[in-house]
Amino acid sequence: MSRFSRHFAVISMVWVMALAAHAAITNVSSTYSECEYPYVQPFNEKVMVVWSEKEGGIFNIFSRIYSGGKWGGKVRAFGSSMHSQFPNLAIGPGGVIHMTWMEGISRSNREIYHATWLNGSWSGGTRIHASTWNSCWPRIGVENNGTSSVIWCSELYPFNNSHYNIVGKRNPKGWSGGVATVSFTPETISIHPSLAVQANTSHACWMDGEEGSWIIAYARSSGSGWESPVVVSGRDSGWWPGIAVDSNGLAHIMYSTLRRAPYYTRRLEDGSWTQPVPVPGAAGHQRDFVFLEMDAQDVLHASWRQTINGNHNIVYASATAQGDWSKPGYVSDGVECRTPVSRPDNLGFVHIVWWDEAVNHGDVFYTRVESGGGGTSYLAPVAAFTPDPAAGPPPLTVRFDASASSDEDGSITAYNWDFGDGTTGVGIRSTHKYLQRGEYRVVLQVTDNDGLTGSAATVVAVSDPPVARFVMTPEVGVAPLEVHFDASASYDPDGKILSYSWDFGDNSSARGLTQDHVYEEAGNYTVTLEVVDNYGINALAVRTLQVLRVYPPVNVSYAFRENRNLFSLEYLYEVSWQENPLNRHYGINVTRFHIYRRTRGGEFSLIKSVAANTFSWLDRHLGEEARGDFEYQVAAVDDQGNESAPQMHESFSHPDRKDAINEFFRNGKH
């Protein structure tokens with residue numbers, strides 16, 4: 065899906081809450097290749113970002129460093145003929161950066177690797193775990209003595225989908241040692257681990273259980289094996305946890321849930337855990353990875369994905385070691401932002417990365433915020449605006465309205481627009497004309513009376529509209545009539561049509577390139593086809609369908625007769641009618657007539673069917689008591705078995721029928 069089509073499909077109004085000291089957002093990967101799962105590591109007043117990026121169908125590990133106010137070039141750190149994915153970073157003594165990642169060509173043989181970065185270059189990658197089965201989601205931490213600790217998710221039986229464990233390994237003297245089991249017994253599924261190392265103790269948490277009943281489990285190790293795991297979440301569907309450890313060696317865990325907010329719990333001195341509680345102000349949370357880290361001052365830093373008006377964006381909040389949270393704030397302005405990582409440095413900043421699936425094929429983004437100490441913080445303004453229209457052919461004049469923007473604890477003092485074509489504007493409302501075709505990313509930034517900013521973005525598409533065309537077969541017929549509708553002739557001159565919507569004119573509708581529909585009643589129906597292209601621009605095609613009925617015979621009459629001769633007396637009714645000329649006019653092929661009779665006041669029943677060239681019939685062999693007791697109706701039947709409404713005792717002397725027939729003969733139409 066293109067960058068715009070994802071934006072346009074979900075954005076009608078975008079809400080983004082920024083934070084104090086919110087830095088500019090940088091597209092770190094800036095490529096049309098598929099990127100995913102970034103990680104960030106601050107070090108020595110610099111910042112390193114790593115991520116997976118696809119080249120020639122294979123994922124490789126790339127890195128980029130921010131130093132002295134500038135970003136260095138993008139470097140392919142590791143890659144081969146096999147996929148290299150899910151990089152994870154930690155820093156050890158002497159400023160050495162350690163990285164672990166997963167490498168393999170397929171799901172059946174992915175392995176775990178380790179490398180270090182020092183003095184501007186990476187060491188060669190070392191395979192720390194080889195397996196004929198699947199290993200994934202590695203996480204790394206470094207102890208005070210420089211020993212690396214790595215945990216990962218390991219498939220116990222290939223392609224079983226039900227036996228995964230969390231395992232780990234340390235390298236006090238290299239990676240030749242054995243693998244230790246971290247999680248529960250193999251009868252459970254243990255996935256998506258998170259790791260934090262404080263001093264010389266490793267702390268791990270992970271998802272455990274099965275689909276629909278996940279829990280969050282925790283274990284720790286001081287280098288001589290892992291303690292037995294404990295459950296910290298209760299059975300309330302815990303997902304994708306993050307873990308941090310304070311200066312007292314106590315673990316803090318936050319995890320995703322199905323309840324619209326991430327939950328938080330922490331370990332107490334006696335080894336028990338606090339009751340998990342939702343993070344305040346996190347309504348709109350989406351089930352996805354959460355990230356948690358503790359800085360040297362015992363301030364927690366958390367980030368997660370949250371949804372407002374259909375857009376998935378990244379939220380940051382901080383808390384004290386006692387769990388007193390600041391008010392969360394948005395740090396991204398995307399659409400499909402995922403898997404944030406937020407890591408503090410020792411200069412008072414928190415560095416945050418994520419990837420946005422809606423930009424190119426998934427670009428990696430970076431920003432930083434000032435480190436918070438928890439508790440109440442100033443609220444940034446919320447930017448919101450609507451474009452009208454959001455798409456159309458050039459020249460396209462668009463009216464932008466930001467009146468839905470708000471500031472909960474103050475007032476908005478400035479509205480600044482970037483129209484995406486090199487021009488800007490100001491004011492709560494603004495109008496702009498786009499002369500050239502293209503997709504334009506429009507950004508609104510609002511500033512409040514505290515100097516805080518918030519931004520919102522959407523895309524305006526300047527494009528030629530699609531062309532709607534369709535055929536219907538047949539275009540005229542007798543009810544009940546089944547008609548086939550085909551919109552294959554529709555097209556879009558500079559894109560593609562995404563949807564076809566039909567209105568059949570009889571209070572029924574459908575979607576799809578082709579449709580079959582039955583009209584039960586005669587009449588003229590206005591059929592409308594609406595097509596919408598990948599820019600959200602629509603077009604209509606309208607046609608009229610004529611559904612006919614079999615017209616009844618005219619001048620139907622009947623009379624009682626006596627047929628006398630020398631030897632007998634017969635009583636009978638003579639029934640006569642005339643062909644209705646409207647049937648021939650509309651091409652309706654009448655093949656016979658049905659004659660119905662009833663005793664006066666009773667029900668009509670069919671007593672005779674005659675050929676279409678017959679226009680009278682004698683109902684014979686009746687008794688004298690039939691005089692004045694019978695009534696007759698005549699109906700026309702076409703070659704498809706469709707029958708007209710029956711007519712009874714009509715003639716040209718009837719004023720309405722006479723006028724209609726005369727009108728037909730004068731003008732050739734009904």
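Each residue of the sequence shown is one higher than the one before, counting from 65 in the numbering used here.
Just so it is clear, CB atoms sit at the ideal spot from N, CA and C, and this is done for glycine as well.
Nearest candidate by alpha-carbon position, reference residue i, set the options
| i | options | result |
| --- | --- | --- |
| Pro544 | Tyr564, Asp556, Val582 and Pro538 | Val582 |
| Ala283 | Ala263, Thr245 and Thr164 | Thr245 |
| Gln610 | Arg407, Glu585 and Pro710 | Glu585 |
| Val206 | Asn152, Glu175 and Ser195 | Asn152 |
| Glu594 | Ala574, Asp580 and Leu612 | Ala574 |
| Trp681 | Ser669, Val620 and Phe631 | Val620 |
| Ala675 | Arg691, Gln642 and Val591 | Gln642 |
| Tyr430 | Trp135, Gln579 and Asp272 | Trp135 |
| His267 | Lys110, Val160, Ile215 and Glu274 | Ile215 |
| Gly156 | Thr608, Gly518, Glu688 and Ala179 | Ala179 |
| Arg625 | Gly692, Asn598 and Gly559 | Gly692 |
| Asn740 | Ile492, Phe679, Glu503 and Trp368 | Because residue 740 is not part of the residues shown, which for the chain are 65 to 734, the question remains open. |
| Gly137 | Gly184, Ala154, Ile122 and Tyr96 | Gly184 |
| Asp550 | Asp556, Tyr564 and Gly559 | Tyr564 |
| Glu274 | Asp683, Trp303, Ser285 and Ser148 | Trp303 |
Nearest-angstrom Cβ-Cβ length linking residue i and residue j, presumed shorter than 8 Å
| i | j | result |
| --- | --- | --- |
| Val701 | Arg656 | 5 Å |
| Val353 | Thr403 | The question names Val, but residue 353 in the sequence shown is Phe. Phe353 to Thr403, Cβ: 5 Å. Contact. |
| Met163 | Trp181 | 7 Å |
| Val294 | Met318 | Actually they are not in contact, since the Cβ atoms of Val294 and Met318 sit about 17 Å apart, beyond 8 Å. |
| Met358 | Val309 | 6 Å |
| Thr663 | Phe694 | 7 Å |
| Thr95 | Glu117 | 7 Å |
Residue span of the alpha helix (DSSP H) that contains residue i, given as start and end
| i | result |
| --- | --- |
| Pro529 | From DSSP, Pro529 is part of no alpha helix (DSSP H); its letter is neither H nor E. |
| Pro645 | Pro645 to His649 |
Cβ-Cβ distance between residue i and residue j below 8 Å
| i | j | result |
| --- | --- | --- |
| Ile659 | Tyr635 | no |
| Trp418 | Pro102 | yes |
| Asn377 | Ser406 | no |
| Ser254 | Tyr228 | yes |
| Pro617 | Val542 | no |
| Ala525 | Ala455 | yes |
| Gly387 | Phe355 | no |
| Thr265 | Arg234 | no |
| Arg351 | Thr338 | no |
| Val414 | Val428 | no |
| Asp528 | Pro451 | no |
| Glu815 | Trp115 | No statement about residue 815 is possible, as the shown extent of the chain runs from 65 to 734 and does not include it. |
| Thr592 | Asp567 | yes |
| Ile476 | Thr511 | yes |
| Ile192 | Ile176 | yes |
| Tyr637 | Tyr622 | yes |
| Ala444 | Ala468 | no |
| Ser336 | Val363 | no |
| Thr516 | Tyr479 | A small correction: the amino acid at residue 516 is Leu; Thr does not occupy that position in the sequence shown. Contact flag unset, no. |
| Gly491 | Phe483 | no |
| Arg463 | Thr495 | yes |
Start and end residues, beta strand (DSSP E) containing residue i
| i | result |
| --- | --- |
| Arg432 | Asp427 to Glu434 |
| Thr590 | Gly587 to Asp597 |
| Lys110 | Lys110 to Glu119 |
| Lys233 | Tyr228 to Arg234 |
| Tyr696 | Phe694 to Asp702 |
| Leu460 | Leu460 to Asp465 |
| Arg203 | Ser199 to Val206 |
| Gln361 | Careful: Gln361 lies outside any beta strand (DSSP E) and carries neither H nor E. |
| Ala268 | Thr265 to Gly273 |
| Asp567 | Ile561 to Asp567 |
| Asn571 | Where Asn571 is concerned, there is no enclosing beta strand (DSSP E), given that its DSSP letter is neither H nor E. |
| Phe668 | No beta strand (DSSP E) contains Phe668, which DSSP labels as neither H nor E. |
| Leu508 | Gly502 to Asp512 |
| Asn215 | Reading the sequence as shown, one finds Ile at residue 215 and not Asn. Counting along the chain, the beta strand (DSSP E) containing Ile215 begins and ends at Ser212 to Glu219. |
| Gly485 | First, the residue type needs correcting, since residue 485 is Asp and not Gly in the sequence shown. Careful: Asp485 lies outside any beta strand (DSSP E) and carries neither H nor E. |
According to DSSP, residues forming a beta bridge with residue i
| i | result |
| --- | --- |
| Pro326 | Per DSSP, none; premise fails for Pro326. |
| Asn629 | Paired residue(s): none; Asn629 is not in a bridge. |
| Val490 | Asn480 |
| Phe123 | Lys118 |
| Trp135 | Tyr130 |
| Ser673 | His658 |
| Lys497 | Thr461 |
| Pro798 | Beyond the ends of the chain as shown, which are 65 and 734, falls residue 798; an answer cannot be given. |
| Ala179 | Met163 |
| Trp239 | The partner list for Trp239 (beta bridge, DSSP) is empty, contrary to what the question assumes. |
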